[in-house]
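Numbering (full-length UniProt numbering), first residue to last: 1 to 348.
Note that the Cβ used here is the ideal one computed from N, Cα and C, for glycine as well.
First the structure, in the form of structure tokens, and then the observations on it.
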């Protein structure tokens, strides 16, 4: 028994050492990406940029219990309706109870993934929303209509409608409608990128074409950015999913629809700052699509483009609180720099 106990202790110590090394490996590409995209003199923390309640973020603290506590403490404003389609048009607002109601807190807008067919506002991005909520951000997590019951572009129309609601109402909760950062993973990465690149586009805003849906930053995780490339950059199951369940048309007859649904086709000089994150070993959303998307952003956009390609990292790496939650700190640093630059530009 004593030998077994020592063996367990030794293995536990080795496991902790490996976790520490894994955490370091996660930090290195994130730091290098931020330095490369924003410059070595970038901000590395967000202190004093906005009105921050006492205390701070602890994104690297393990993990599930902490996130459940934060959801319990901060997500009091839940199931708010932003549209006419019942629970599919509900959103939750995460905010600290001690947040200054007149403080104009920056806003994170979170879109869940799930292959455009599933996914819920309460099950994703908890490490990131927990971290930013503790730092004084307001986080908005949305539901949207899913396929196959619904057909493209219903998904992005709902995202835009939720953005319009946030623009019109978030000040009532202490948020700043003039600084919204949009994020999401997988299908949410696709939708967040498309929304960021198509502000005020009437094809995605039927009935509310005049509402301003601009965002100030975009942070897509492991998204799909081109629906037209039915090649090795797209998972073999994806063409059938798009044709049969999502768009419900074929590219041969409706190529314009597939092109319009692809964020890579909407990149322009006035795109907001982007921080694109992708796992090099992603077996669902292949990394080649992220590389092509980032290359085009860097060619055309006048704003910063940061790209972090994380080694030994799979799809949905950001869902649980773990060493990979280093991404939450990296996103905070990216947003701190963008927030500071935009505030400085507004004063100038």
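Subject >> Whole-angstrom distance between residue 215 and residue 107, CA atom to CA atom >> reply: Against the chain shown, residue 107 aligns to sequence position 107. Against the chain shown, residue 215 aligns to sequence position 215. C-alpha separation (whole angstroms): 10 Å.
Subject >> Same chain, Cβ closer than 8 Å to residue 342, neighbours up to 5 away in sequence not counted >> reply: Here residue 342 refers to the residue found at position 342 when the chain shown is read from its first residue. For residue 342, the CB contacts under 8 Å within the same chain, skipping 5 residues up- and downstream, are 179, 216 in chain order.
Subject >> Spatial distance of residue 84 from residue 32 (CA atoms) >> reply: Start at 1 with the first residue of the chain shown, and residue 84 comes out as number 84. Start at 1 with the first residue of the chain shown, and residue 32 comes out as number 32. For residue 84 and residue 32, the distance between alpha carbons rounds to 44 Å.
Original post:
For the candidate residues 283, 218, 139, whose alpha-carbon lies nearest to that of residue 236?
Top reply: Position 236 of the chain shown, counted from the start, is the residue given in the question as residue 236. Nearest to residue 236 by C-alpha distance, out of 283, 218, 139, is 283.
**OP:** Measure the C-alpha to C-alpha separation of residue 60 and residue 325 and round it to an integer number of angstroms.
**Re:** Along the chain shown, read from residue 1 onward, the residue named residue 60 stands at position 60. Along the chain shown, read from residue 1 onward, the residue named residue 325 stands at position 325. Unreliable placement is indicated for residue 60, whose pLDDT of 47 sits below 50; no coordinate value is reported for it.
Original post:
Would residue 219 count as contacting chain C if we go by Cβ distances under 8 Å?
Top reply: Chain labels in this structure do not include chain C; a single protein chain is all it has.
**OP:** In angstroms with no decimal places, state the Cα-to-Cα distance between residue 181 and residue 114.
**Re:** Within the chain shown, numbered from 1, the residue matching residue 181 stands at position 181. Within the chain shown, numbered from 1, the residue matching residue 114 stands at position 114. The C-alpha of residue 181 lies about 21 Å from the C-alpha of residue 114.
**OP:** Leaving out five residues on either side along the sequence, give the residues of the same chain with a beta carbon under 7 Å from the beta carbon of residue 281.
**Re:** For the purposes of this step, residue 281 is taken as residue 281 along the chain shown, with counting starting at 1. Listed in chain order, the non-local C-beta contacts of residue 281 below 7 Å within the same chain comprise 312, 313, 314, local neighbours out to five positions each way being set aside.
Original post:
Are the Cβ atoms of residue 208 and residue 161 separated by less than 8 Å?
Top reply: Here residue 208 is taken as the residue at index 208 of the chain shown, counted from 1. Here residue 161 is taken as the residue at index 161 of the chain shown, counted from 1. In this structure, residue 208 sits near residue 161, with a CB-CB distance shorter than 8 Å.
Original post:
Counting pairs of beta carbons, one from the segment 219-236 and one from the segment 252-266, are three or more of them closer than 8 Å?
Top reply: Verdict: yes, contact present.
Original post:
Out of curiosity, what's the CA-to-CA distance linking residue 347 and residue 232?
Top reply: Your numbering for residue 347 matches position 347 in the chain shown. Your numbering for residue 232 matches position 232 in the chain shown. The alpha-carbon atoms of residue 347 and residue 232 are separated by roughly 47 Å.
Subject >> Length of the line joining the Cα atoms of residue 130 and residue 252 >> reply: As a working note, residue 130 is residue 130 in the chain shown. As a working note, residue 252 is residue 252 in the chain shown. A direct Cα-to-Cα measurement between residue 130 and residue 252 gives close to 44 Å.
**OP:** Compute the beta-carbon to beta-carbon distance between residue 331 and residue 128, rounded to the nearest angstrom, for a pair I have assumed lies under 8 Å.
**Re:** Counted from its first residue, the chain shown places residue 331 at position 331. Counted from its first residue, the chain shown places residue 128 at position 128. The C-beta separation of residue 331 from residue 128 comes to about 6 Å, placing the pair in contact by the 8 Å criterion.
**OP:** Throw me the rounded Cβ distance for the residue 275 and residue 306 pair, which I believe falls under 8 Å.
**Re:** Sequence index remark: in the chain shown, residue 275 carries index 275 (1-based). Sequence index remark: in the chain shown, residue 306 carries index 306 (1-based). Rounded, the Cβ-Cβ distance is 4 Å, consistent with contact.
Original post:
Looking only at C-alpha atoms, which of 134, 203, 249 sits nearest to residue 148?
Top reply: Walking along the chain shown from the start, residue 148 turns up at place 148. Here the closest residue by C-alpha is 249.
**OP:** Report the residue from 190, 247, 205 whose alpha carbon sits nearest the alpha carbon of residue 219.
**Re:** Along the chain shown, read from residue 1 onward, the residue named residue 219 stands at position 219. Closest in C-alpha terms to residue 219, from the list 190, 247, 205, comes 190.
Original post:
Can we count residue 271 as close to the ligand GDP, meaning its CB is less than 7 Å from some heavy atom?
Top reply: The model depicted lacks the ligand GDP and carries no ligand whatsoever.
Original post:
Of all the beta strand (DSSP E) runs that stay within the bounds of the segment 98-164, which reach a length of 3 or more residues?
Top reply: List check, beta strand (DSSP E) in window: 105-111, 138-142.
Original post:
Closest by CA to residue 258, which one among 241, 234, 228?
Top reply: The residue given as residue 258 occupies position 258 in the chain shown. When each option's Cα is compared against that of residue 258, the closest is 228.
Original post:
Would you call residue 278 buried or exposed, if buried means 16 or more other Cβ atoms sit within 10 Å of its Cβ?
Top reply: Here residue 278 corresponds to residue number 278 of the chain shown, with the count starting at 1. Result: buried.
Original post:
Can you give the Cα-Cα distance for residue 104 and residue 40, rounded to whole angstroms?
Top reply: What you label residue 104 is simply residue 104 of the chain shown in a count that begins at 1. What you label residue 40 is simply residue 40 of the chain shown in a count that begins at 1. Looking at the two C-alpha atoms, the distance is approximately 29 Å.
Subject >> Residue burial classification, residue 290 (beta-carbon count within 10 angstroms, cutoff 16) >> reply: Mapped onto the chain shown, residue 290 falls at position 290. Residue 290 is buried by the Cβ-count criterion.
**OP:** Taking residue 34 as the reference, give the member of 317, 73, 309, 192 with the closest Cα.
**Re:** Taking the first residue of the chain shown as 1, we reach residue 34 at position 34. Distance from the Cα of residue 34 is smallest, within the candidate group 317, 73, 309, 192, for 309.
Subject >> Beta carbon of residue 194 nearer than 8 Å to that of residue 140 >> reply: As a first step, residue 194 is located in the chain shown; it is residue number 194 there, counting from the start. As a first step, residue 140 is located in the chain shown; it is residue number 140 there, counting from the start. Result no, Cβ atoms of residue 194 and residue 140 do not sit closer than 8 Å.
Original post:
Do residue 198 and residue 266 come within 8 Å of each other at the CB atom, strictly closer than that value?
Top reply: Along the chain shown, read from residue 1 onward, the residue named residue 266 stands at position 266. Along the chain shown, read from residue 1 onward, the residue named residue 198 stands at position 198. Against a cut-off of 8 Å, the Cβ pair of residue 198 and residue 266 comes out as a contact.
Original post:
Where does residue 155 land, buried or exposed, given buried means 16+ other C-beta within 10 angstroms?
Top reply: For the purposes of this step, residue 155 is identified with residue 155 of the chain shown, where counting begins at 1. Classification for residue 155: buried.
**OP:** Between the Cα of residue 205 and those of 73, 243, 158, 170, spot the shortest distance and give me the residue it belongs to.
**Re:** Along the chain shown, read from residue 1 onward, the residue named residue 205 stands at position 205. Nearest C-alpha to residue 205: 158.
Subject >> Buried versus exposed call for residue 118 [16 or more other C-beta atoms within 10 Å across all chains shown] >> reply: As a working note, residue 118 is residue 118 in the chain shown. By the 16-neighbour rule on beta-carbons within 10 angstroms, residue 118 is exposed.
**OP:** Report all residues from its chain with a CB closer than 8 Å to the CB of residue 89; omit the five preceding and five following residues, and keep chain order.
**Re:** Here residue 89 refers to the residue found at position 89 of the chain shown. If we look at residue 89 and ignore the five residues flanking it on each side, its Cβ neighbours are 81, 82, 83, 143, 144, 145, 158, 161, 162.
Original post:
So, helix, strand or coil for residue 35, using DSSP?
Top reply: Taking the first residue of the chain shown as position 1, residue 35 is located at position 35. Three-state DSSP puts residue 35 in a helix.
**OP:** Measure from the alpha carbon of residue 169 to the alpha carbon of each residue in 49, 134, 42, 77, then state which is nearest.
**Re:** To locate residue 169, count along the chain shown from 1; it is residue 169. Answer by Cα proximity: 77.
Original post:
In angstroms, rounded to a whole number, what distance separates the CA positions of residue 213 and residue 187?
Top reply: As a position in the chain shown, residue 213 is number 213, starting the count at 1. As a position in the chain shown, residue 187 is number 187, starting the count at 1. C-alpha separation (whole angstroms): 19 Å.
**OP:** Would you mind reading off the limits of the beta strand (DSSP E) that contains residue 290?
**Re:** As a working mapping, residue 290 is identified with position 290 in the chain shown. For residue 290, there is no enclosing beta strand (DSSP E); the enclosing alpha helix (DSSP H) covers residues 287-300.
Original post:
In or out: residue 48 buried (at least 16 other Cβ within 10 Å) or exposed?
Top reply: Along the chain shown, read from residue 1 onward, the residue named residue 48 stands at position 48. With fewer than 16 other CB atoms across the displayed protein chains lying within 10 angstroms of its CB, residue 48 is exposed.
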